[in-house]
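Structure first, then comments.
In full-length UniProt numbering, the protein residues as written are 1 to 182.
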């Protein structure tokens, strides 16, 4: 119906996926809310203009998230802002200070706050993979395409992130026993 020019179907698509797209776009770039919304609107505008030529994707959400990421990257490169491609971020060495993590975990109130603190300590690429897998519920093949890697590499990236999170979750327990057993 959307491809036939039905504006109601177009509006329904927008309403159905706007929150997911906004959440994902905001996790990709530390820019203003307006920038992310502009990119989302650009994706929908382009879809409307090309609706007759578009093929129907198997997974609409996956298609929209990938289109949003492409649009954000395109605009960032065009505006010549300092930008590090996501493929290069994973190579950075990142080893947060254990005491800093413990302090932030102590300040976090809920389990969700604690998990958010730990996820924020992951390298950017691992954060993105975790969000795509567990927040956006994409499969590893879709994650691989968005992150421009093969399916096995996407699985490995998510696995490494989970392993790092597990290690950090065990850290407070070890710290507690060290203090308790003195």
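Virtual Cβ for every residue (Gly too), placed ideally from N, Cα, C.
This structure is a prediction, so every number in the text was calculated from the model and none was measured.
When the options are compared against residue i, the one with the closest alpha-carbon
i: residue 149; options: 33, 164 and 126; result: 126
i: residue 58; options: 142, 24, 36 and 159; result: 142
i: residue 129; options: 112, 151, 114 and 113; result: 151
i: residue 39; options: 73, 112 and 159; result: 73
i: residue 119; options: 54, 1, 160 and 9; result: 160
i: residue 7; options: 116, 47 and 22; result: 47
i: residue 163; options: 140, 134, 122 and 138; result: 122
Limits of the unbroken alpha helix (DSSP H) element including residue i
i: residue 51; result: That residue, residue 51, is in no alpha helix (DSSP H); it is neither H nor E in DSSP.
i: residue 68; result: 60-78
i: residue 125; result: 124-130
i: residue 28; result: 7-28
Same chain only: Cβ atoms within 8 Å of residue i, ignoring 5 sequence neighbours per side
i: residue 20; result: 61, 64, 65 and 136
Other residues of its chain near residue i: CB distance less than 6 Å, five sequence neighbours each side excluded
i: residue 27; result: 131
i: residue 140; result: 151, 154 and 155
Cβ shell of residue i (< 7 Å), same chain only, five flanking positions each side left out
i: residue 14; result: 44
Whole-number beta carbon distance between residue j and residue i, since they are thought to touch under 8 Å
i: residue 69; j: residue 18; result: About 16 Å separates the two Cβ atoms, so there is no contact after all.
i: residue 51; j: residue 3; result: 5 Å
i: residue 153; j: residue 167; result: Actually they are not in contact, since the Cβ atoms of residue 153 and residue 167 sit about 21 Å apart, beyond 8 Å.
Residue i, buried or exposed, once every other Cβ within 10 Å from all chains shown has been counted against 16
i: residue 157; result: buried
i: residue 16; result: exposed
i: residue 25; result: buried
i: residue 30; result: exposed
i: residue 67; result: buried
i: residue 36; result: buried
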